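Enquirer: Mind looking over this structure? Questions follow.
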Amino acid sequence: MPEGHTLHRLARSHQKMFGKAPVEVSSPQGRFEASAKLLDGLPLARAEAHGKHLFHRYGRDLVVHVHLGLYGTFTEGPVPAEPPRGQVRMRLVGATHFADLRGPTACELLTDHEVAAVRARLGADPLRRDADPEQSWARLSRSRTPLALQLMDQRIFAGVGNVYRAELLFRHGLDPMLPGTALGRERWDEMWVDLVALMRDGVRKGRIDTVRKEHTPRATGRAPRVDRHGGEVYVYRRTGQPCLVCGTSVQLTELAGRNLFWCPSCQPAAA
DNA sequence: GATCTATGTAGAT
DNA sequence: TCTACCTAGATCG
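Here the working numbering is used: the first residue of the first sequence is 10, the next is one more, and so on.
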């Protein structure tokens, strides 16, 4: 379930369950076996996330890099670990809990240098203290590429996915196709602050809620879509349903092979 | 049980 | 722009 908040949540959970104690690392499926053997029994020094990337550091030049991609999942449970079910790429077993990784796009052992290279390609992560939104703004405001595409560009914003993109544009009343060059600095500052708050809320709750109090069902009589993330959202996957603010039918457009959800009335094209 | 769909990315064409 | 990856929940019948 992978937007940035999920990865930060996993990092936090792994740090808590496995941090600073020896971990049994294995690859029941076999595809990570050689690396798992190098790590097995070492203490996990630190788990952290940058955007949608997760890093488990065991020591110098011993960093597991995980990217869940579209399908990847981590499941966890108390020890003793059950027999592996399905294709478990990596299993971690600690003193109290175990975690299974299935279906990731990436699960690989990297050197510090390689980790630095991965991270150098990533833009500002709203969930990291070291995020530099000035860099994102410099890039965003220089490009005529539509905001909807730029928000999903991990080189500019690390961790923003299809849900946060759609919801952020809606919350700020922006046409998804508006060129980056047409966005004002003040509006941008508001968006960044809002994005940080939304994603932090996502980490805390483990779900993406974006609907303001005044637009909840009690206030409007219009039921928000509770997505299978468990979150209440304005437009994401609400195609054809009435906009929670104005009642207009939510639209679906395909953009660069991804579904883009928006309200044509709340997010009008600039005249 | 079968089928569809998706919060993503890399690599081929 | 297309395809592969190859999980799991929702939906269909």
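We put the beta carbon where it would ideally sit given N, CA and C, even for glycine.
In this text the structure is predicted, and so the values were computed from the model without any measurement.
Report all residues from its chain with a CB closer than 6 Å to the CB of Val282; omit the five preceding and five following residues, and keep chain order.
Expert: Any answer about residue 282 is impossible in this case: the structure gives the chain only from 10 up to 280.
Enquirer: If you count every other CB in all the chains shown that lies within 10 Å of the CB of Thr291, and 16 or more means buried, which is it?
Expert: A question about residue 291 goes unanswered here, because the residues of the chain that appear run from 10 up to 280.
Enquirer: Leaving out five residues on either side along the sequence, give the residues of the same chain with a beta carbon under 8 Å from the beta carbon of Cys255.
Expert: Contacts found: Cys272, Ser274, Cys275.
Enquirer: Leaving aside the five residues before and after Thr105 along the sequence, list all residues of the same chain whose C-beta is less than 8 Å from its C-beta, in chain order.
Expert: Contacts found: Met26, Pro87, Val88.
Enquirer: For a quick check, are the C-beta atoms of Leu182 and Gly60 less than 7 Å apart?
Expert: Position check: residue 182 holds Gly in this sequence, whereas Leu was assumed. Cβ distance not < 7 Å, so Gly182 and Gly60 don't count as in contact.
Enquirer: What residues in its chain sit with their C-beta under 6 Å from that of Arg151, if we drop five residues either side in the sequence?
Expert: Result list for Arg151: empty, nothing under 6 Å.
Enquirer: Cβ of Val97 within 7 Å of Cβ of Asp109?
Expert: Yes, the pair counts as a contact, with Cβ atoms nearer than the cut-off.
Enquirer: For Glu176 and Val244, which I take to be in contact (beta-carbon distance under 8 Å), what is that distance rounded to the nearest angstrom?
Expert: Right, the Cβ-Cβ distance comes to about 7 Å (below 8 Å), so this counts as a contact.
Enquirer: Roughly how many angstroms lie between the CA atoms of Asp184 and Arg55, to the nearest whole one?
Expert: Going from the Cα of Asp184 to the Cα of Arg55 covers about 41 Å.
Enquirer: Going by C-alpha to C-alpha distance, which of Arg164, Gln38, Gly211, Ser44 sits closest to Val172?
Expert: The shortest Cα separation from Val172 among Arg164, Gln38, Gly211, Ser44 belongs to Gly211.
Enquirer: Since Arg247 contacts Val259 with CB under 8 Å, what's their CB separation in whole angstroms?
Expert: Right, the Cβ-Cβ distance comes to about 4 Å (below 8 Å), so this counts as a contact.
Enquirer: Mapping the DSSP letters down to three states, classify Phe107 as helix, strand or coil.
Expert: Of the three classes helix, strand and coil, the one that applies to Phe107 here is strand, per DSSP.
Enquirer: Which first and last residues belong to the beta strand (DSSP E) in which Gly60 is found?
Expert: Taken as a continuous stretch (DSSP letters only), Gly60 belongs to no beta strand (DSSP E), as it is neither H nor E.
Enquirer: Below 8 Å on the Cβ atoms is my guess for Thr82 versus Arg111; work out the distance and round it to an integer in Å.
Expert: Between Arg111 and Thr82 the Cβ distance is about 5 Å, and since that is below 8 Å, they are a contact.
Enquirer: Can you confirm whether the segment 221-232 touches the segment 184-204 when touching is taken to mean that 3 or more C-beta pairs between the two stretches lie within less than 8 Å?
Expert: No, the segment 184-204 is not in contact with the segment 221-232.
Enquirer: Alpha carbons only, please: which of Gly249, Arg69, Asp121, Gly78 is nearest the one belonging to Leu51?
Expert: Measuring from the Cα of Leu51, the nearest candidate turns out to be Arg69.
Enquirer: Tell me the rounded alpha-carbon separation between Glu91 and Asp49.
Expert: The straight-line gap from Cα to Cα measures roughly 18 Å.
Enquirer: Using the beta-carbon count (16 or more within 10 Å), is Gly308 buried or exposed?
Expert: Outside the displayed span of the chain (10 to 280) sits residue 308, for which this structure offers no information.
Enquirer: By DSSP, does Ala167 sit in helix, in strand, or in coil?
Expert: Three-state result, Ala167: coil.
Enquirer: Please classify Leu79: is it buried, with 16 or more other beta-carbons within 10 angstroms of its beta-carbon, or exposed?
Expert: Classification of Leu79: exposed, given that the 10 Å Cβ count is below 16.
Enquirer: Residues in its own chain within less than 6 Å of Glu57 by CB, not counting five upstream and five downstream?
Expert: Closer than 6 Å at Cβ, skipping near neighbours: Ala20, Phe64.
Enquirer: Pull the bridge partners of Ala278 from the DSSP assignment, please.
Expert: DSSP lists no partner for Ala278.
Enquirer: Give every residue of the same chain whose Cβ lies closer than 7 Å to the Cβ of His74, excluding the five residues on either side of it in the sequence, and list them in chain order.
Expert: Taken in chain order, the residues that qualify are His62, Phe64, Ala115, Glu117, Leu119, Val124, Val127.
Enquirer: Is it the case that the Cβ atoms of Met200 and Pro135 are separated by a distance below 7 Å?
Expert: No, the pair does not count as a contact, with Cβ atoms beyond the cut-off.
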